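Since the structure comes first, as structure tokens, the remarks are kept for the end.
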Amino acid sequence: MSSVYARSAHPPPRAVRARGSLIWDATGREYLDGSGGAIVVGVGHGATEVTEAVTRQLASVGYVHGSMFTTEAVESYTADLAALLPMTDARIYPVSGGSEAVETALKLARSFHLARGEDRSIVIARTGSYHGNSRGALAVSGRPGLREPYSPWLSGTEFIPAPYEYRCPFPAAHPSGCAAEHARRLAETIDRCGADRVAAFIAEPVCGATLGACVPGPDYWSRMAAVCRDRGVLLIADEVMTGFGRTGRWFASEHFGLRPDIMTLGKGAASGYWPLGLVACTGVVHDAQPANRFVHGFTYSHHPAGAAAGHAVLRLLRGLVPAVSAKGERLARALTTELADHPHVGDIRGIGLLRAVELVADRSTRSPFPRHRRVIERITAMASSEGMLIYGSAGCADGTDGDLVLLGPPLVTSEAQLDAMAAKTARAINTVLADR
Ligand code: PLP
3 MSSVYARSAH
13 PPPRAVRARG
23 SLIWDATGRE
33 YLDGSGGAIV
43 VGVGHGATEV
53 TEAVTRQLAS
63 VGYVHGSMFT
73 TEAVESYTAD
83 LAALLPMTDA
93 RIYPVSGGSE
103 AVETALKLAR
113 SFHLARGEDR
123 SIVIARTGSY
133 HGNSRGALAV
143 SGRPGLREPY
153 SPWLSGTEFI
163 PAPYEYRCPF
173 PAAHPSGCAA
183 EHARRLAETI
193 DRCGADRVAA
203 FIAEPVCGAT
213 LGACVPGPDY
223 WSRMAAVCRD
233 RGVLLIADEV
243 MTGFGRTGRW
253 FASEHFGLRP
263 DIMTLGKGAA
273 SGYWPLGLVA
283 CTGVVHDAQP
293 ANRFVHGFTY
303 SHHPAGAAAG
313 HAVLRLLRGL
323 VPAVSAKGER
333 LARALTTELA
343 DHPHVGDIRG
353 IGLLRAVELV
363 ADRSTRSPFP
373 RHRRVIERIT
383 AMASSEGMLI
393 YGSAGCADGT
403 DGDLVLLGPP
413 LVTSEAQLDA
423 MAAKTARAIN
433 TVLADR
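In the working numbering, the protein residues as written are 3 to 438.
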């Protein structure tokens, strides 16, 4: 019997080796890592540049408390990262993962307003979003299944719809007028709450796991940002999934000319080599209060080994990010070739190397499979048994039903491997949905 409090119902295979876009288990089975775990691995498995950088750092200074020391690792990494961020005079608060980053960002937003004499606490978020599993991050996440058991603890958030082109919440305005409707809904919600009570609007620039790589229309972000700016509401761009080249730019915000007040980062930041998350804010947000007045902190924030891992990953990404858009197009083409005519494939969408396939019971009505059929779980298991790892998600259509295959392979994945990933994904879908 294992002493591990397991995350899966069935004992998972034991991973023993990983290189590039491949993982091997203890029985020798090889897996194509089509999702980089949970869309984490950018620079590929087994990158010695990263492992050596972490080892060197651990050998020199393994740990110091962030309030007692700074380190060359943290200083040089944040300086290089700040220069890449779509914000002016960025300041970076390193933490240990995406949820911690979101917790930090929410507290930072409130703290900013308090420092300016404004008691703002309400956060506007979007249905169909995911920002993490800690209590504050879950409170702003729109996934009913994750929220339900903890609902008595989750409050202080107002939700508006997310831009989900395949199931547009504003069908009468679709497609050219949706962005104006989204902005109107945001403005109405802030005004109903009282603009002087709303601290922040948090959203993923491209919806990630919950709605599956939904790319908003071209004017969505400029309109949403204008509403926030006019009402003094801070805009938090959660780029935990979309950052560090995943979408073909360093940060997804860049596709839309979005310049957030606060950004949250994680996953691809250290490519899984270290549990690293980051919060970045503009100089204006930072300077509203002296750093030591922001009542916050974690034992492992500002960790030098995390910074060393992040810095080594960043250096590798410089050579990888320019090729992501073309690789993403290749993957999209392969998925389209394999699946566009499938009677249960409703939509194939995404950007860069973040791609999703939405499965439906009926293409003409776009009705999803009922949850009890556990379609995505069966497809994920089938793919895994064929040596292909995909990231499955359920609930996109209405919070409960709606099955999604999400692909987010390492950015080092070769074209041949991308084609193989599309073919294996299609085979798993075909096999499970053969009873059509
Ligand atoms: N924000 C987004 C957009 C995410 O996709 C995730 C994780 O999937 C998180 C936050 C939470 O990150 P973590 O799981 O590292 O706590």
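Yeah, the Cβ is synthetic: ideal placement off N, Cα and C, and Gly gets one too.
On a predicted model such as this, the values are computed, not experimentally measured, just so you know.
Would you list the one or two residues that DSSP bridges to residue i?
i: I25; result: A20 and Y33
i: G394; result: V407
i: T266; result: D240 and V281
i: T159; result: V125
i: R261; result: BP columns for R261 are empty, so no partner.
i: S369; result: D364
i: D1; result: Examination of residue 1 is not possible in this model, given that the chain is present from 3 through 438 alone.
i: C216; result: C209
Excluding sequence positions up to five away, which residues of its chain have a Cβ less than 6 angstroms from the Cβ of residue i?
i: K109; result: H298
i: C230; result: F203 and L237
i: E490; result: There is simply no residue 490 to check, as the chain begins at 3 and stops at 438 in what is shown.
i: D35; result: S23, I25 and L391
i: A28; result: R16 and V18
i: W155; result: R137
i: L435; result: H346
i: A197; result: R233
On a Cα-Cα basis, can you pick out the residue from the options that is closest to residue i?
i: E32; options: R19, F246 and G38; result: R19
i: E92; options: T266, T427 and R332; result: According to the sequence as given, residue 92 is Ala; it is not Glu. Nearest option by C-alpha distance: T266.
i: Y222; options: Y168, S178 and R368; result: S178
i: R247; options: S98, L316 and S37; result: In the sequence as displayed, the identity of residue 247 is Gly instead of Arg. Residue L316 is the option with its Cα nearest to G247.
i: H313; options: V76, L420 and S69; result: V76
i: P277; options: R149, P306 and E183; result: P306
i: A164; options: A436, D400 and L409; result: D400
i: T244; options: S224, D232 and C216; result: C216
i: L408; options: S369, H304, I353 and G270; result: I353
i: D343; options: N432, D82, S78 and R261; result: N432
i: L86; options: W252, P411, A175 and G397; result: W252
i: V362; options: R320, A385, D405 and V97; result: D405
i: G214; options: R199, A84, E167 and P173; result: E167
i: K329; options: A8, G44 and T106; result: G44
i: L322; options: G270, T339, L337 and V286; result: G270
i: A254; options: P292, E206 and S224; result: E206
i: R2; options: R225, G308 and A239; result: There is simply no residue 2 to check, as the chain begins at 3 and stops at 438 in what is shown.
i: G394; options: R365, C195 and A358; result: A358
i: L337; options: M423, A282 and G64; result: M423
i: G100; options: N135, T301 and T53; result: N135
i: Y413; options: G46, T106 and R261; result: Just to set this straight, residue 413 is Leu in the shown sequence, not Tyr. Of the candidates G46, T106 and R261, the one whose C-alpha sits nearest the C-alpha of L413 is G46.
i: A334; options: P370, R368 and G410; result: G410
i: T50; options: A310, R295 and T159; result: A310
Reducing DSSP to helix, strand and coil, say where residue i ends up.
i: H304; result: coil
i: F253; result: coil
i: Y79; result: helix
i: C170; result: coil
i: L355; result: coil
i: D289; result: helix
i: A309; result: helix
i: E201; result: Before going on, a small fix: residue 201 reads as Ala here, not Glu. Reduced to three states, the DSSP call for A201 is strand.
i: H12; result: coil
i: G44; result: coil
i: Y152; result: helix
i: H298; result: coil
i: D343; result: coil
i: A227; result: helix
i: S416; result: coil
i: H133; result: coil
i: E388; result: coil
i: V52; result: helix
i: L337; result: helix
i: P146; result: helix
i: Y7; result: coil
i: S327; result: helix
i: A436; result: coil
i: V235; result: coil
i: G39; result: helix
Take residue i and list the residues in its own chain whose beta-carbon comes closer than 7 angstroms to its own, dropping the five residues that flank it on each side.
i: Y132; result: S143, R145, G210, A211 and T212
i: R118; result: A290
i: T284; result: M89, T90, D91, A92 and D263
i: S69; result: G299
i: S327; result: G250 and G354
i: I162; result: I126, R128, R187, L188 and T191
i: D240; result: V104, H133, I204, A205, E206 and T266
Keeping to the same chain, check which residues put their C-beta closer than 8 angstroms to that of residue i; ignore five residues upstream and five downstream.
i: E388; result: K426, R429 and A430
Minimum length 4: unbroken alpha helix (DSSP H) runs contained in the segment 62–123: Listed in chain order, they are 74–86 and 100–117.
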